[in-house]
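This report concerns only the one structure given below.
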Amino acid sequence: MVYAVVRASGRQEKVEVGSIITVNRVAGDAKGNVELPAVLLVDGDKVTTDAKALAKVKVTAEVLNDLRGPKIVIQRYKNKTGYKSRQGHRQDLTRLKVTGIK
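Residues in the sequence shown are numbered consecutively from 0, following numbering that gives the first Met the number 0.
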C-alpha cells in the first residue's frame, strides 16, 4: 500500500492514487493538472521523511471542478452600545483527484 502526506493549501492531506480531496482554490496548468509537494511517503514498510528524498517524489492530481464551501455567518455584538455587525463568507474550493505518486 502506497500513500503520501502532501501539503495542499496550507494544510496536510493523506492521499492515495485515486483518492479525491477538497482543498482551498488552486489553479491547475493548461491541462488541469496540479503537482503537490510531499511531506511523508509510505511504501509498504518503508517510510520516507528525508527532505532530499522527498524532493524527488512527485504527487500529481487533476482538477475535477471548482466549487464554493458552505456559508459561514460572522456576527459581532456589543452589549448596551447598539453595536451589531453581520457578515457572510463562502470559501473558494477545488476538488482534486490524485492520479499518481512517483
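Cβ coordinates follow ideal geometry from the N, Cα and C atoms, glycine included.
Query: Assuming residue 93 contacts residue 14 (C-beta within less than 8 Å), just tell me the rounded distance between them.; Result: Not confirmed; about 14 Å, so no contact.
Query: Starting from residue 29, trace the beta strand (DSSP E) both ways and give me its first and last residue.; Result: Looking at the DSSP string, residue 29 is not in any beta strand (DSSP E), and its letter there is neither H nor E.
Query: Pull up the CB-CB distance for residue 12 and residue 32, whole angstroms please, since I reckon it's below 8 Å.; Result: Not really, about 17 Å apart at Cβ, beyond 8 Å.
Query: If you compare alpha carbons, which of 101, 48, 68 is closest to residue 57?; Result: 101
Query: How about residue 96 and residue 66: do their beta carbons lie closer than 9 Å?; Result: no
Query: Alpha carbon to alpha carbon, how far is residue 83 from residue 73?; Result: 11 Å
Query: Among 2, 68, 29, which has the Cα closest to the Cα of residue 38?; Result: 2
Query: Nearest-angstrom Cα distance between residue 42 and residue 4?; Result: 12 Å
Query: Measuring only the C-alpha atoms, how far is residue 88 from residue 21?; Result: 18 Å
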